[in-house]
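Scroll down for the structure; my scribbles are underneath it.
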Amino acid sequence: MVHEDDRALAFLDHRPLFRGHVLLVPKTHHTILSDLPAADVPAFFTLAQRLERAVEDGLGADGSLVMVNNIVSQSVPHLHLHVIPRHKKDGLRFWLGPRHPYDEENPAAAYAEKIRAALAAQD
């Protein structure tokens with residue numbers, strides 16, 4: 080256990096990507112980030128910020144990867160935020176590809192419009 084309060088737990092991942100890999104989870108059950116009630120978001124992300132700094136400072140890391148995985152590749156169906164210590168040349172490259180650039184058949188503007196429409200539907 081790294082941290083516990085009335086709303087959240089932070090603990091070391093049992094299968095760390097790198098030593099010091101921390102998981103932050105809310106105590107109430109929510110499957111994905113968008114399920115987290117808006118009132119709980121500030122405290123959750125303030126703690127995520129503190130953990131990011133603590134992982135970097137406490138472990139002498141060059142930086143960190145902060146990540147939330149929703150549904151695809153989510154091994155546990157409960158919201159969890161990863162804080163993973165990073166070091167220059169640590170070999171982690173999994174998130175860099177494959178890349179799918181926009182082109183004439185798939186223009187960026189069309190994707191932006193779909194996202195804007197989905198945002199507007201939430202209002």
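Residue 80 is where the sequence shown starts when you use our numbering, and the numbers rise one by one after that.
Idealized CB from N, CA, C, for every residue including glycine.
When beta bridges are read from the DSSP output, Ile163 appears opposite Leu144. Excluding residues up to 5 positions away in sequence, nothing lies with its Cβ nearer than 6 Å to the Cβ of Asp182 in the same chain. Inter-residue distance for Ala118 and Val162 is about 22 Å (C-alpha atoms, whole angstroms).
When rounded, the separation of the alpha-carbon atoms in Pro164 and Phe123 is 19 Å. When secondary structure is reduced to three states using DSSP, Glu183 falls in the coil class, being assigned neither helix nor strand.
Pro105 has Ala87 as its beta-bridge partners, per DSSP. The alpha carbon of Asp84 has as its nearest neighbour, out of Arg94, Leu112 and Lys106, the alpha carbon of Lys106. With a contact defined as Cβ atoms closer than 8 Å, Val147 and Leu160 qualify at about 5 Å.
The criterion of a C-beta distance shorter than 9 Å is satisfied by Val81 and Val101.
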